[in-house]
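Undergrad: Dumping the structure here so I can ask a few things about it.
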């Protein structure tokens, strides 16, 4: 088995770092999903979720968790108006 096959993906490493830093598990999972989806769908570097965004994403999760959750949700589900509105309402944004 190659080293590449056993090395965790950067989004999994980010999620573990976020959890270790004190980010709530659901938010860490959502951030991980943004990064994984970005990579799998080959989104432009202009979209949130490249590996270099990790430190800023983590900082936002720690300092503004509601805003981070909203941003991550908007990135993953930009056309799901009902979900976005429900999330805004739940987060009181």
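Numbering (my numbering), first residue to last: 3 to 95. C-beta atoms are modelled at their ideal positions from N, C-alpha and C, and glycine is treated no differently.
#1: Relative to the alpha-carbon of residue 61, which residue among 83, 33 and 38 has its alpha-carbon at the smallest distance?
#2: Roughly how many angstroms separate the alpha carbons of residue 27 and residue 67, rounded to a whole number?
#3: Considering only residues of the same chain and omitting the five flanking positions on each side of residue 72, which have a CB-CB separation below 7 Å?
#4: Do residue 38 and residue 70 have their CB atoms nearer than 9 Å?
#5: Using the C-alpha atoms, what's the distance from residue 9 back to residue 53?
TA: Reading it off the structure:
#1: Closest by alpha carbon: 33.
#2: Residue 27 and residue 67: Cα-Cα distance of roughly 12 Å.
#3: For residue 72, where only same-chain residues beyond five positions count, the Cβ hits under 7 Å are 89, 90, 93 and 95.
#4: Residue 70 sits away from residue 38, with the two beta carbons spaced by 9 Å or more.
#5: Linking residue 53 to residue 9 through their CA atoms gives a straight-line distance of about 15 Å.
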